[in-house]
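Trainee: Quick one: the structure is below, and I'll ask about it shortly.
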């Protein structure tokens, strides 16, 4: 009984780490679709989005069953409660990857982004996927030191985000309002994706230490 | 003991409804600050934002204590698990009101928005506050019919949001890129605020019926 319970807890962590992998892959493909105006790849992300919902539903059901049947306490209870929060963050990361893919599809065969900003979005995509990958590792290992790294890793995303606005609002922007609106929203999607990955790591810190790190400034 | 437990559950619902009231007031003031370029009011929203965090922390602690000490099952367990999700949505609504207030402060004494789009933002603000108010009522009463209304109430927000993009990207927009970028993000904040209010209502439907309504398209 006790053994089954522990393996259920581990299964829940695995589900969350898998979900993290899925939303990481989605963002990687969505970014490539965006940069290459690749319609087939955008479609792939859009049609695979239901997978995130399935994983979320399963993790939520499993968390609920653990609470109902095992009445966990102490660290185990923190694991389950945190997993409920984390499913929300991961679902949102999936939605944001989906938004990127939809933007790529909406403007096809045109490119959403002017050539000169593409390197910044390539870098935001790279940072986003690295954050998702590290968050998955943190969920599996509960490594607090690694979890804390996400906070500073995400600073790179915030810098890129700020730099995008400087470019958009500066005198050298020659691509008009419509391209600026697209780029504004896309930059926001990446920045939010990063924030949610950080939130996932913070929940892991709470599981291990019993204390939430200071609130995320968003 | 049983009585104390029931009153703890009711207290948790009250806390969430109060939090809903606080983020509703924040959005009302932030919208007024935005429309009137009112710095004092923007500052007020910014300095009161910690109140949302306090309420969130308290609700999360109370939910955790209920799980640890009472091991609720069936509907009661759904109430507590849903409250964990709902605190996340309400916290985010508070953040979004804060973003609106910060935008008003950042451009002060200039107005963030051109005169011609102000009526749309006034209306988005009105819809946002009405959604928060109805969500608070739904948390208190668990009225499924009222909860379902939020979905269609939010359609008005989505229409306003879409209309804003048509205006921004249309040939009649004469306010340049910078104003368009501000308006894009602000419109997004209101639209997301509405989505979170709908998510709160959906969690209440789940509490009562045991089934989540079909996922929110965001």
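Residue numbers (the numbering used here), protein chains in the order written: chain A, 1 to 218; chain B, 219 to 436.
Don't be surprised by glycine CBs; every beta carbon is placed ideally from N, CA and C.
Under 7 Å Cβ-Cβ, which residues of chain A neighbour residue 396(B)?
Mentor: Those within 7 Å of residue 396(B) in chain A are 169.
Trainee: Interface residues of chain B around residue 84(A) at Cβ under 8 Å?
Mentor: Going along chain B in sequence order, the residues near residue 84(A) (Cβ under 8 Å) are 299, 302, 303.
Trainee: Run down chain B in chain order and give the residues with a C-beta less than 7 Å from the C-beta of residue 186(A).
Mentor: Near residue 186(A) there are no residues of chain B at all, since even the closest Cβ is about 11 Å away, more than 7 Å.
Trainee: If contact is defined by three or more beta carbon pairs under 8 Å, each pair taking one atom from either stretch, is the region 252-264 of chain B in contact with the region 373-383 of chain B?
Mentor: No contact exists between the region 373-383 of chain B and the region 252-264 of chain B.
Trainee: I'd like to know if residue 306(B) contacts chain A, where contact means its C-beta is closer than 8 Å to some C-beta of that chain.
Mentor: Interface residue, yes.
Trainee: Whose Cβ in chain B lies nearer than 7 Å to the Cβ of residue 66(A)?
Mentor: Correct list: empty, because the minimum Cβ distance to chain B is about 11 Å.
Trainee: The region 362-390 of chain B: which residues have C-beta closer than 8 Å to a C-beta of chain A, in chain order?
Mentor: Of all residues in the region 362-390 of chain B, 383, 386, 387 have a Cβ within less than 8 Å of some Cβ in chain A.
Trainee: Where does residue 388(B) land, buried or exposed, given buried means 16+ other C-beta within 10 angstroms?
Mentor: Exposed.
Trainee: Kindly indicate the opening and closing residues of the alpha helix (DSSP H) around residue 254(B).
Mentor: Per DSSP, residue 254(B) belongs to the alpha helix (DSSP H) from 220-254.
Trainee: Please classify residue 220(A) as buried or exposed, where buried requires at least 16 neighbouring CB atoms within 10 angstroms.
Mentor: As shown, chain A starts at 1 and ends at 218. That puts residue 220(A) outside it, with no answer to give.
Trainee: Along the chain, where does the alpha helix (DSSP H) containing residue 143(A) start, and where does it finish?
Mentor: Unbroken run through residue 143(A): none, as it is neither H nor E.
Trainee: Measure from the alpha carbon of residue 424(B) to the alpha carbon of each residue in 61(A), 118(A), 79(A), 10(A), then state which is nearest.
Mentor: It is 61(A) whose Cα lies nearest to the Cα of residue 424(B).
Trainee: Using beta carbons (cut-off 8 Å, strictly below), is residue 137(A) in contact with chain D?
Mentor: Of the protein chains in the structure, A and B, none is chain D.
Trainee: Give a yes or no on whether the minimum CB-CB distance between residue 291(B) and chain A is below 8 Å.
Mentor: Yes, its Cβ sits closer than 8 Å to a Cβ of chain A.
Trainee: Residue 265(B): buried (16+ other C-beta within 10 angstroms of its C-beta) or exposed?
Mentor: Exposed: under 16 other Cβ atoms inside 10 Å.
Trainee: Would you say residue 399(B) faces chain A, with C-beta separation under 8 Å as the test?
Mentor: Output row for residue 399(B): interface = yes.
Trainee: Closer than 8 Å is the cut-off here; do at least three beta carbon pairs connect the region 86-94 of chain A with the region 15-32 of chain A?
Mentor: The region 86-94 of chain A is in contact with the region 15-32 of chain A.
Trainee: In this structure, does DSSP put residue 390(B) in helix, strand or coil?
Mentor: In the structure shown, residue 390(B) sits in coil (DSSP, three-state: anything other than H, G, I, E or B).
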